[in-house]
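Step one of this worksheet: look at the structure below.
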Amino acid sequence: MQFITSNCVIEPLQPEHYKAIHMLYSNEQVRTYLGGVPQDSYIEASFKDMLAAPFPNTYLYISLKTTGEFIGLVSIDEYHDKELYELSYQFLPQYWGKGLAFEVLTAVMEEGLNYLDISSIVAETQTANKASCHLLEKLGMHKVQVLERFGHEQALYEIKKNHKESR
3 MQFITSNCVI EPLQPEHYKA IHMLYSNEQV RTYLGGVPQD SYIEASFKDM LAAPFPNTYL
63 YISLKTTGEF IGLVSIDEYH DKELYELSYQ FLPQYWGKGL AFEVLTAVME EGLNYLDISS
123 IVAETQTANK ASCHLLEKLG MHKVQVLERF GHEQALYEIK KNHKESR
């Protein structure tokens, strides 16, 4: 699954992307609501797991179309319950507030629901992460549950494949 939006290139994660992913996982701002900056050994193990993840788990490297600069990582992979699929995303801070996450996630959700042939996608974020909650709602996702996980209150959002037809 590789595709291009107005401003970004979305492509499958490759071994040569390790340095960029390490930079992303090492960014304190990015990791504020994600448990902090992990140790290098965790980043390396996580990256290897992403590369080896079985279909339909999908990890996507996001870059700017004009410059090729890396801006973030988006994934659709098994949720904690192993029954649903979760949209996750991390973007470098210098690209926040520019509409790029909305653009990319809109395309990834649409492709994910169709290409991966799944009926819905969930996303979980800390309720304290107001920007992420707002983004998920702007994407058309609906809050379906509030729970405690990782020592923090989390909001679980969901969007169903037929969300456009049901409105």
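First residue of the sequence shown? That's 3 in the working numbering, and the numbers climb one at a time after it. Every residue gets a Cβ at the ideal spot worked out from N, C-alpha and C, and that includes glycine.
Between the CA atoms of serine 134 and glutamine 128 - distance to the nearest angstrom: Residue 128 sits at position 126 when you count from the first residue of the sequence shown. Residue 134 sits at position 132 when you count from the first residue of the sequence shown. Each residue's alpha carbon lies about 8 Å from the other.
Other residues of its chain near tyrosine 97: CB distance less than 8 Å, five sequence neighbours each side excluded: For the purposes of this step, residue 97 is taken as residue 95 along the sequence shown, with counting starting at 1. Ile73, Gly74, Ala103.
Own chain partners of methionine 52 with C-beta closer than 6 Å, once the 5 adjacent residues on each side are dropped: Translated into the one-based positions of the sequence shown, residue 52 becomes position 50. Here the set comprises Leu15, Tyr61.
DSSP-derived helix/strand/coil call for glutamate 150: Reading the sequence shown from its first residue, position 148 is the one you call residue 150. Correct three-state label for glutamate 150: strand.
Straight-line Cα distance separating glutamine 156 from alanine 149: Position 147 of the sequence shown, counted from the first residue, corresponds to residue 149. Position 154 of the sequence shown, counted from the first residue, corresponds to residue 156. Looking at the sequence shown, residue 149 is not alanine but leucine. Computed Cα separation, rounded: 5 Å.
Residue range of the unbroken beta strand (DSSP E) whose run includes valine 106: In the sequence shown, residue 106 corresponds to position 104, counting from 1. Here valine 106 belongs to no beta strand (DSSP E); instead the alpha helix (DSSP H) covers 102 to 117.
Secondary structure of isoleucine 120, DSSP reduced to three states: Position 118 of the sequence shown holds residue 120. Three-state result, isoleucine 120: coil.
Burial state of serine 77 (16 or more Cβ within 10 Å): As a working mapping, residue 77 is identified with position 75 in the sequence shown. By the neighbour-count rule (16 or more Cβ atoms within 10 Å), serine 77 is buried.
Residues that phenylalanine 93 bridges to, as DSSP identifies them: Taking the sequence shown and counting its residues from 1, the one referred to as residue 93 is at position 91. Looking at the DSSP assignment, phenylalanine 93 forms a beta bridge with Gly74.
Straight-line gap, glutamate 1 to histidine 82 (C-alpha atoms, nearest Å): Nothing in the structure corresponds to residue 1, since the chain is present only between 3 and 169.
Residues near glycine 153 in its chain [Cβ-Cβ closer than 7 Å; skip 5 each side]: On the sequence shown, residue 153 is found 151 positions in, with the first residue counted as 1. Excluding residues within five positions, none has a Cβ falling inside 7 Å.
CA-to-CA distance, alanine 22 to glutamate 85, given in whole angstroms: By one-based count along the sequence shown, residue 85 stands at place 83. By one-based count along the sequence shown, residue 22 stands at place 20. Whole-angstrom Cα-Cα distance: 30 Å.
Lysine 67 versus isoleucine 12 - alpha carbon distance: Within the sequence shown, the letter at position 65 stands for residue 67. Within the sequence shown, the letter at position 10 stands for residue 12. Going from the Cα of lysine 67 to the Cα of isoleucine 12 covers about 9 Å.
Cα-Cα separation between asparagine 164 and alanine 109, rounded to whole angstroms: For the purposes of this step, residue 164 is taken as the residue at position 162 of the sequence shown. For the purposes of this step, residue 109 is taken as the residue at position 107 of the sequence shown. The alpha-carbon atoms of asparagine 164 and alanine 109 are separated by roughly 15 Å.
Cut-off 6 Å between Cβ atoms - residues of its own chain near serine 121, not counting five sequence neighbours on either side: Walking along the sequence shown from the start, residue 121 turns up at place 119. Lys163, listed in sequence order.
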